[in-house]
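Each number in the UniProt record's numbering corresponds to the 1-based position in the sequence shown with 452 added. First the structure, in the form of structure tokens, and then the observations on it.
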Amino acid sequence: AKHAGRGRAMYYETLMDDDRDERREMEEALRAAVARGEIDVVFQPIVGARSRTICGVEALARWSRGGTKPVPPDVFIPLAEATGIIDTLGPLVLKRACAAVRNWPGIDISINVSPAQFRNPYFPDQALGIIAEAGIAPSRVTLEITEGYFIQNPGRAKLVMDRLKAGGVRIALDDFGAGFSSIGYLIRFGFDRMKIDRSLTIAGEQSPKGGAMLQATVALAASFDMPVTAEGVETAEQAAFLHLCGCDQLQGYFFGKPMSERAISDLLAPPADV
Ligand code: C2E
Ligand code: CA
Ligand code: CA
Ligand code: CA
453 AKHAGRGRAM YYETLMDDDR DERREMEEAL RAAVARGEID VVFQPIVGAR SRTICGVEAL
513 ARWSRGGTKP VPPDVFIPLA EATGIIDTLG PLVLKRACAA VRNWPGIDIS INVSPAQFRN
573 PYFPDQALGI IAEAGIAPSR VTLEITEGYF IQNPGRAKLV MDRLKAGGVR IALDDFGAGF
633 SSIGYLIRFG FDRMKIDRSL TIAGEQSPKG GAMLQATVAL AASFDMPVTA EGVETAEQAA
693 FLHLCGCDQL QGYFFGKPMS ERAISDLLAP PADV
């Protein structure tokens, strides 16, 4: 039995070494891809809850390892954050997104920002510089950030946020309702918008309590002048209920999946029938 135990321990050690090697390889592949600009950006439509027409898009990063194997952002973004690659990847996505939205008058652009970027003292000037260089009004740009860093380091987070807001960009609180969100605490920071996580969108239609929670969250945000975007909207019923609750913008597969820059351009100015 003792022998078997040792064997198992060795097996796991080898497994962990393999994991570490695999991680290392992925890190190097990602680093190289980012250096070569081989990161794609796709855009998901955001629609007005009443008009149901597109008013903005969220930029989402895509990476195909070796040009063929798509790696989910939930895998490569945390890796980029842990390795510092995000300091190159983040600005790359921001540049691409700003360049794209230049061709889409009247459309706003949302871009995800990692806490790791927010922590970088150069981030506000760098981000504002990229937006200025692209020649788009900063007010068309919303940076989306999750609550974690605001709870971890509120003083520092508030400073970075104020610097960005002074430069004219907007800041949205992303994934609200997914973690340990305390709306009472978070509301003080002065976010320009709240994005309700898909899990809350789903909870809203699953039970009367979920519905009440959704309604109360949107109402509280509204009473602090925070408009609300609902994420992960997949059905007409969800869309109707979220509109009723007071969300002014909706996003989800029901309205459109993330798509190429070209596809968004076609959506906005459909090619003439031949
Ligand atoms: P997120 O910011 O919450 O983005 C929304 C995610 O939900 C996207 O996943 C989107 O494709 C997905 N989604 C949208 N509508 C629906 C729906 O109706 N149903 C379902 N099931 N899913 C929907 P994606 O593209 O896989 O991105 C995952 C996460 O990776 C993002 O979550 C964001 O946190 C992160 N991410 C993606 N691109 C970037 C980036 O450029 N920078 C940073 N820092 N993070 C990024
Ligand atoms: Ca987001
Ligand atoms: Ca989100
Ligand atoms: Ca998310």
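All residues carry an ideal CB built from backbone N, CA and C; glycine is no exception. In this text the structure is predicted, and so the values were computed from the model without any measurement.
Query, Result
"Residue(s) in a DSSP beta bridge with glutamate 510", "Gln496 and Ser562"
"Under the three-state DSSP convention, the category threonine 540 falls into", "helix"
"Alpha carbon of alanine 484 to alpha carbon of aspartate 471, nearest angstrom", "20 Å"
"Heavy atom of ligand 1 within 7 Å of asparagine 555 beta-carbon", "no"
"Straight-line gap, leucine 652 to glutamate 480 (C-alpha atoms, nearest Å)", "36 Å"
"Limits of the unbroken beta strand (DSSP E) element including valine 523", "521 to 523"
"Closest residue to isoleucine 498 among Gln658, Lys647, Ile623 and Ile491 (Cα-Cα distance)", "Lys647"
"Under 8 Å between C-beta atoms of leucine 541 and alanine 552", "no"
"Beta-bridge partners of aspartate 626, as assigned by DSSP", "Thr598"
"Proximal residues to alanine 674 (C-beta, below 6 Å), its chain only, five neighbours per side dropped", "Gly698"
"Presumed contact (8 Å Cβ cut-off) between valine 494 and serine 712, rounded CB distance", "6 Å"
"Touch test, the stretch 568 to 581 against the stretch 590 to 605, Cβ-Cβ under 8 Å, three pairs minimum", "yes"
"Rounded separation between glycine 548 and serine 566 - CA only", "Residue identity differs from the one stated: residue 548 is arginine in this sequence, not glycine. Distance between the alpha carbons of arginine 548 and serine 566 is about 17 Å."
"Three or more C-beta pairs below 8 Å linking the stretch 708 to 724 and the stretch 662 to 678", "no"
"Closer than 7 Å: glutamate 533 CB and nearest ligand 2 heavy atom", "no"
"Per-residue DSSP class, three states only, for arginine 502", "coil"
"DSSP three-state assignment for arginine 488, whether helix, strand or coil", "coil"
"For threonine 687, three-class secondary structure by DSSP", "coil"
"Heavy atom of ligand 3 within 7 Å of glutamate 599 beta-carbon", "no"
"Residue environment, threonine 681, which counts as buried when at least 16 other CB atoms sit within 10 Å", "buried"
"Residues that DSSP places opposite arginine 645 in a beta bridge", "Ala624"
"Which of helix, strand or coil DSSP assigns to lysine 454", "Note on lysine 454: pLDDT 46, under 50, position unreliable in the model; no value is reported."
"Cα-Cα separation, alanine 453 to tryptophan 515", "Any reading at alanine 453 needs caution, since the residue's pLDDT is 44, under 50, leaving its predicted position unreliable; the model's value is listed next. Those two C-alpha atoms are separated by around 46 Å."
"Presumed contact (8 Å Cβ cut-off) between serine 562 and glycine 519, rounded CB distance", "In fact, because the Cβ distance is near 27 Å, the residues do not count as touching under 8 Å."
"Cut-off 6 Å between Cβ atoms - residues of its own chain near alanine 692, not counting five sequence neighbours on either side", "none"
"Glycine 684 versus arginine 476: straight-line alpha-carbon distance, rounded", "33 Å"
"Contact test: glycine 684 Cβ vs ligand 1 heavy atom, cutoff 7 Å", "yes"
"Boundaries (first-last residue) of the alpha helix (DSSP H) holding alanine 682", "It is not in any alpha helix (DSSP H) - alanine 682 instead sits in the beta strand (DSSP E) that spans 680 to 682."
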